[in-house]
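461 is the number that this note's numbering gives to position 1 of the sequence shown; each next residue is one higher, with no gaps. Glycine included, C-beta positions come from ideal geometry on N, C-alpha and C. Reviewing the structure listed below.
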Amino acid sequence: MNRKFSWTASVTALYVILILAVHPIIYQDYYFNILNVKYLFYCACTIGMLILLGGYFIFTGAFKRIKLKLIPTDYAFLAFIVIATLSAAFSDFKYEAFWGNEGRFSGTFLLLLYAASYFCVSRLLKFKSWFMDIALLSCMAVCIFGFTDYLGMDLLHFKVRLKAEHIGMFTSFIGNINMYTGLLSVYLGAACLLWVSCPNKLRSIWYYVNVWVIFIALITGRSDNAYLSLAAAFTFIPIYAFRTRQGIRRYVVLLATFLTSLKVIEWIATTYADRVYQIDSLYNSLVSFSKLVLLIKVLWIIAIILYLIDFISKKADATVSPWFSRIWIGLIVIGFAAFLYVLYDVNIAGNADKYGSAKSFLLFNDNWGTHRGVIWRLAIEDYQDFTPIHKLFGYGPDTFGLVTYYHNMDIMTNVYHQIFDSAHNEYLQFFVTVGPIGLLSYLAIFVTAFIRIIKKGCQNPYVIAAMFGVLCYSAQATVNIGTPITIPIMFLFLSMALAGCREA
Numbered sequence: 461m462n463r464k465f466s467w468t469a470s471v472t473a474l475y476v477i478l479i480l481a482v483h484p485i486i487y488q489d490y491y492f493n494i495l496n497v498k499y500l501f502y503c504a505c506t507i508g509m510l511i512l513l514g515g516y517f518i519f520t521g522a523f524k525r526i527k528l529k530l531i532p533t534d535y536a537f538l539a540f541i542v543i544a545t546l547s548a549a550f551s552d553f554k555y556e557a558f559w560g561n562e563g564r565f566s567g568t569f570l571l572l573l574y575a576a577s578y579f580c581v582s583r584l585l586k587f588k589s590w591f592m593d594i595a596l597l598s599c600m601a602v603c604i605f606g607f608t609d610y611l612g613m614d615l616l617h618f619k620v621r622l623k624a625e626h627i628g629m630f631t632s633f634i635g636n637i638n639m640y641t642g643l644l645s646v647y648l649g650a651a652c653l654l655w656v657s658c659p660n661k662l663r664s665i666w667y668y669v670n671v672w673v674i675f676i677a678l679i680t681g682r683s684d685n686a687y688l689s690l691a692a693a694f695t696f697i698p699i700y701a702f703r704t705r706q707g708i709r710r711y712v713v714l715l716a717t718f719l720t721s722l723k724v725i726e727w728i729a730t731t732y733a734d735r736v737y738q739i740d741s742l743y744n745s746l747v748s749f750s751k752l753v754l755l756i757k758v759l760w761i762i763a764i765i766l767y768l769i770d771f772i773s774k775k776a777d778a779t780v781s782p783w784f785s786r787i788w789i790g791l792i793v794i795g796f797a798a799f800l801y802v803l804y805d806v807n808i809a810g811n812a813d814k815y816g817s818a819k820s821f822l823l824f825n826d827n828w829g830t831h832r833g834v835i836w837r838l839a840i841e842d843y844q845d846f847t848p849i850h851k852l853f854g855y856g857p858d859t860f861g862l863v864t865y866y867h868n869m870d871i872m873t874n875v876y877h878q879i880f881d882s883a884h885n886e887y888l889q890f891f892v893t894v895g896p897i898g899l900l901s902y903l904a905i906f907v908t909a910f911i912r913i914i915k916k917g918c919q920n921p922y923v924i925a926a927m928f929g930v931l932c933y934s935a936q937a938t939v940n941i942g943t944p945i946t947i948p949i950m951f952l953f954l955s956m957a958l959a960g961c962r963e964a
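Right, here's the structure in full:
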C-alpha cells in the first residue's frame with residue numbers, strides 16, 4: 461500500500477469511528493440543546509476530514525492523479541445536491557433554506573456535508589467488519605440508557621429540568637422518542653442481518669445480544685415508526701438469509717426472539733406498572749393477540765428441531781436451493797398486493813369496520829398517526845398553491861415549518877393547537893421543500909446504491925448488513941422526521957457499504 465492510500469484511508473477511518481462511536485451519545489446540556497450539539501459535532505468532524513484530505517491532496521499534488529469514475533449513485537447524489545442548491549437559491553427564504561435554522565438544521569449546507577462525507581467515505585475508506593461492531597457498541601449504550609428511562613430511572617439526570625408533560629417524550633442520548641426509534645432502525649437492520657449470516661460463532665452471540673437489546677429498546681421506545689422498520693427487517697432479511705441452513709434456522713430464532721420480547725415487556729409493564737411508561741402503540745394489538753404464547757412456543761420448537769437436524773446431519777452451514785429465496789420473494793409480492801387491496805377496501809370501498817382494531821392503522825384521515833394525516837393533506841394542498849418555480853424546485857430545504865406558518869397558521873392554532881413544523885414523512889418533506897425532481901434524485905441515491913451493493917457486495921455479510929440498516933431506516937422514514945441526529949448515521953452506513961463494494 462502506498463503512502464497516499466494509507467493516509468486517506470486512515471483519515472476516513474478516524475472520521476467513521478468518531479461518527480459511529482461518539483455522535484449517537486454526545487450531549488452537553490441534556491435535551492435542551494442535543495440537536496445543536498450533534499449537528500455541530502457532525503459538521504466539525506466532516507469539515508475536519510475535508511481539511512485533512514484537501515490539504516494532503518493539495519500539498520502532495522495527489523489531486524492530479526485522481527481519476528473521476530462515477531457510479532450511478534454518484535450522479536444521483538450530485539443531482540440531488542444541485543437541485544437542493546437551486547431550491548435554496550430560488551427560495552423566498554434563502555438564508556433559512558441554506559442553513560436550515562428555522563427547521564432542524566437540514567438546509568443546503570448540511571446536505572452539502574452529507575454529499576462530501578459520502579464521496580470521501582465511499583471512495584477512500586478501507587471497509588472493515590469491525591466498523592459495524594463499533595456502531596453496535598454505541599447502539600448498546602443508546603438502547604440500555606433508553607430502557608432504563610422506560611423504567612423511570614433517569615440514570616444521568618437528563619429529565620430533571622423537563623416539564624412533567626414532556627418527560628415521557630424524550631429518552632436516551634437522542635431526545636424525542638421518534639428520533640430514538642428512527643436511529644435504532646438503522647442498527648436493527650444491521651444487527652438482524654449479521655445474526656442470521658455471521659459464520660463466526662462467538663461474534664454471532666454478540667450480534668444476537670444486540671438483536672435482543674434492540675428489540676427491547678424499540679418496543680419500549682413507544683413509537684409506532686419502529687414497527688415499520690421491524691416489518692422491513694422481517695420481510696426482506698429472508699431473501700438473503702434463506703440461502704443457507706444457518707440463515708433459515710436463525711431467522712426462526714429472530715422471529716421467536718421478537719415475539720418473546722413482546723411478552724417480556726408485557727410482564728415488566730404489568731409488574732412495574734407504577735414505574736414504567738404506558739405503551740400506546742401497535743404493541744398493544746400485538747401483545748393482545750390470543751394465540752401469541754402458542755405462536756412463541758411453536759417458533760422455539762421449530763428452531764430447536766432445525767438446530768438438532770442440522771447438528772445430526774452435520775450440514776449446519778450448508779447452502780440450500782435458491783428456490784427458498786425465490787418463493788419468499790413471491791410471497792412478498794403476494795403480500796404487498798394483498799396489503800394494497802386492504803388499503804383500497806378500507807379507504808375507498810368504505811369497509812373499514814370489518815378490520816376491527818386494525819382500522820385505526822389502515823384508515824387514512826386527518827387524525828391518522830397523531831395528526832400525520834392532516835399534516836400530509838395540508839402539505840399537498842400547500843404545494844398546489846406554490847408558484848411554478850417552487851413547484852419545480854420546492855420551497856427551500858428544511859423550510860416546511862415556514863410553509864405551514866404562512867399557509868396554515870389558523871388551522872394549526874385554532875383547531876389543533878400545535879405547530880406543524882415537519883411533514884413527519886421524509887419523502888413528502890423533500891417533495892415540498894426540494895420539489896419532485898429533488899425527491900426523485902434522493903430516492904435514486906438509495907435505489908442505485910442498493911443495486912450496486914447487491915451486485916458487488918453480496919458475499920460480504922457486513923456490507924449487506926450496512927445496506928439493511930439503510931433499508932430499515934428508509935421504511936420508517938415514511939412516517940418520521942429526518943434530522944442531524946439520525947441521517948448522518950444512515951448515510952454513513954450507505955457510504956461504508958459502497959466502500960466495501962469497491963474492494964469486493
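| Check | Outcome |
| --- | --- |
| Since residue 632 and residue 606 should fall inside the 8 angstroms C-beta cutoff, what is the C-beta to C-beta distance between them, to a whole number of angstroms? | 4 angstroms |
| Is the separation between the beta-carbon of residue 550 and that of residue 891 shorter than 7 angstroms? | no |
| My understanding is that residue 925 touches residue 639, with C-beta atoms under 8 angstroms, so please give their C-beta distance in whole angstroms. | Actually they do not touch by this definition, with Cβ atoms about 22 angstroms apart. |
| With a floor of 4 residues, list each alpha helix (DSSP H) that falls wholly inside the segment 630-660, ordered by position along the chain. | 637-657 |
| According to the Cβ coordinates, are residue 627 and residue 480 closer than 7 angstroms? | no |
| Quick one: residues in its chain with C-beta nearer than 7 angstroms to the C-beta of residue 961, no 5 flanking neighbours on either side, listed in chain order? | 912, 913, 916, 917, 923 |
| May I ask you to report which of helix, strand or coil DSSP gives residue 464? | Only weak support is given to the placement of residue 464: the predicted model assigns it a pLDDT of 45, under 50, and the question is left unresolved by the model. |
| Do you know whose CA, among 629, 752, 909, 804, lies nearest residue 491's CA? | 629 |
| Taking DSSP's pairing of strands, which residues face residue 704 in a bridge? | 779 |
| State the DSSP-derived secondary structure class of residue 809, mapped to helix, strand or coil. | coil |
| What separation, rounded to the nearest whole angstrom, lies between the Cα atoms of residue 842 and residue 862? | 11 angstroms |
| To the nearest angstrom, report how far apart residue 577 and residue 845 are at their CA atoms. | 36 angstroms |
| Are the segment 532-540 and the segment 899-911 touching by the rule of at least three beta carbon pairs closer than 8 angstroms? | yes |
| According to DSSP, is residue 886 helix, strand or coil? | helix |
| DSSP three-state label for residue 841, please. | helix |
| Please check the pair residue 780 and residue 704, which I expect to be a contact at CB under 8 angstroms, by giving their CB distance rounded to whole angstroms. | 6 angstroms |
| If distances are taken between C-alpha atoms only, which option among 614, 874, 857 comes closest to residue 540? | 857 |
| Between which two residues does the alpha helix (DSSP H) harbouring residue 506 extend? | 494-520 |
| Could you check how far apart the C-beta atoms of residue 933 and residue 645 are, in whole angstroms? I think they sit under 8 angstroms. | 5 angstroms |
| Is the segment 563-582 close to the segment 493-511, with three or more CB pairs under 8 angstroms? | yes |
| Are residue 945 and residue 634 close, meaning C-beta to C-beta below 7 angstroms? | yes |
| Our contact map puts residue 686 next to residue 889 with C-beta atoms below 8 angstroms; I'd like the distance itself, whole angstroms only. | Actually they are not in contact, since the Cβ atoms of residue 686 and residue 889 sit about 20 angstroms apart, beyond 8 angstroms. |
| Between the segment 668-677 and the segment 596-612, do at least 3 Cβ pairs fall closer than 8 angstroms? | yes |
| Which term fits residue 920, buried or exposed, when burial requires 16 or more other beta carbons within 10 angstroms of its beta carbon? | buried |
| Taking the CB atoms as reference points, tell me whether residue 976 and residue 930 lie closer together than 7 angstroms. | Beyond the ends of the chain as shown, which are 461 and 964, falls residue 976; an answer cannot be given. |
| Output the distance between the C-alpha atoms of residue 487 and residue 495, rounded to the nearest integer angstrom. | 9 angstroms |
| Would the segment 611-625 count as touching the segment 722-741 if we require 3 or more Cβ pairs under 8 angstroms? | yes |
| Does residue 916 have its Cβ less than 7 angstroms from a Cβ in chain D? | Looking at the structure shown, chain D is missing, and only one protein chain is on hand. |
| Straight-line CA distance for residue 757 to residue 664? | 23 angstroms |
| With residue 556 as the anchor, note down where its alpha helix (DSSP H) starts and where it stops. | 554-559 |
| Any idea if residue 463 is buried or exposed, counting beta-carbon neighbours within 10 angstroms, 16 or more meaning buried? | Unreliable positioning characterises residue 463 in this predicted model, as indicated by a pLDDT of 47, which lies under 50. A coordinate reading is not provided. |
| Which value, in whole angstroms, describes the spacing of the CA atoms of residue 766 and residue 714? | 14 angstroms |
| Count the other CB atoms, across all protein chains shown, that sit within 10 Å of the CB of residue 706; report buried if there are 16 or more and exposed otherwise. | buried |
| Going by CA-CA distance only, name the one from 489, 556, 657 that's closest to residue 621. | 489 |
| If distances are taken between C-alpha atoms only, which option among 601, 751, 760 comes closest to residue 673? | 601 |
| Helix, strand or coil for residue 958? Go by DSSP, reduced to three states. | helix |
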